[in-house]
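Numbering follows full-length UniProt numbering, in which position 79 of the sequence shown is assigned residue number 79; successive positions increment by one, without gaps.
Taking it in order: structure first as structure tokens, then the write-up.
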Amino acid sequence: MKAVEQILHLDYLAIRPYFTLKNLLIFSLLFAFYAIIFGEIQIVVNMIPILAAFHVSYPFLVADDAGLDNLYIVFGIGKKSVVQGRYLTLLCLNLAAMIFAVLLYSLLKIIFSEPIDWQASLTGVSMSAAASILFSCIQLPFLFKFGYKKAKQIVFMTFMGMWIALYFVINFIGHGPMLDWLLNLSQGQLILLGSGIFLIIFYTSYRLSLWNYQHKDV
1 MKAVEQILHL DYLAIRPYFT LKNLLIFSLL FAFYAIIFGE IQIVVNMIPI
51 LAAFHVSYPF LVADDAGLDN LYIVFGIGKK SVVQGRYLTL LCLNLAAMIF
101 AVLLYSLLKI IFSEPIDWQA SLTGVSMSAA ASILFSCIQL PFLFKFGYKK
151 AKQIVFMTFM GMWIALYFVI NFIGHGPMLD WLLNLSQGQL ILLGSGIFLI
201 IFYTSYRLSL WNYQHKDV
């Protein structure tokens, strides 16, 4: 567990230069501006957790440039601990993004004298964070196998293919018995189904990342 905490700390040091007070103020003003332009605070604030997915790759960029993979071996940090630490970083980033999103949402609602809908806020931000985590779960196995520079190109092509596949899946669901089946599910069943799919993807991503990193030459 100590080795995992060390990776989490090192990842924090890699990401910290991007989390300055100046950047937070810029992001806050930018999201506030878009909220005014689009006239919808909730939708704009829901975009915040998505930004966490883009920060997940920064520790890999630093590790590649500084040759940290070899340093982990010198300090006796196993590859399994590195993978676990990176996934813990992913969860911490999204938790921080969720807190920031809810605080900004509340502040903007107060500024514009609008009622705060906590249920809608928490639901929207949670779904956005879940999408961000799933986005990262697709990135991470490639990052562990190829490193930052090679993986970013592969991830881009993979997501292009996924968007095309998603288009056909949505069209299939929207014109068949699958849609009727989904519409007949209760809210609790939908949450259970979504949670199950989320956990399966998260665990599969972790196992793939672990296998890729254990078989990677460093």
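Ideal placement from N, C-alpha and C gives every residue a C-beta, glycine not left out.
### Task
Might you give, ordered along the chain, the residues of its own chain that have their beta carbon closer than 6 angstroms to the beta carbon of Asp11, omitting 5 neighbours on each side?
Pro59, Thr89
### Message
Restricting to Cα atoms, I'd like to know which of Ile154, Lys149, Gly188 is closest to Ala63.
### Response
Lys149
### Task
Return helix, strand or coil for Ile77, following the three-state DSSP convention.
coil
### Query
Using a beta-carbon distance below 8 angstroms, is Pro59 in contact with chain D?
Looking for chain D here will not work: only one protein chain is present.
#### Entry: Backbone CA spacing between Gly196 and Phe33 [nearest angstrom]
37 angstroms
### Task
Put Asn212 into one of helix, strand or coil per three-state DSSP.
helix
### Query
Looking at the unbroken alpha helix (DSSP H) that takes in Ser186, where does it start and where does it end?
No alpha helix (DSSP H) contains Ser186, which DSSP labels as neither H nor E.
### Query
Skipping 5 residues on each side, what residues in its chain have a beta carbon closer than 8 angstroms to that of Leu122?
Val102
### Ser132 (DSSP reduced to helix, strand or coil)
helix
### Gly147 to Ser186 span [Cα, whole Å]
42 angstroms
#### Entry: Residue closest to Lys80, alpha-carbon to alpha-carbon, out of Leu30, Ile7, Ile99, Ser28
Ile7
### Message
When you compare the CB positions of Gly67 and Ala3, do they come within less than 8 angstroms of one another, or not?
### Response
no
### Where Ile99 sits in the DSSP three-state scheme
helix
### Query
Should Leu190 go down as buried or exposed, given a rule of 16 or more other Cβ atoms within 10 Å for buried?
exposed
### Task
For Gly124, name the three-state secondary structure that DSSP assigns.
helix
### Query
Under 8 angstroms between the Cβ atoms of Tyr206 and Tyr18?
no
### Task
Taking Ile41 as part of the alpha helix (DSSP H), name the residues at either end of that continuous run.
41-45
### Residues near Cys92 in its chain [Cβ-Cβ closer than 6 angstroms; skip 5 each side]
none
### Query
Roughly how many angstroms separate the alpha carbons of Glu40 and Met160, rounded to a whole number?
29 angstroms
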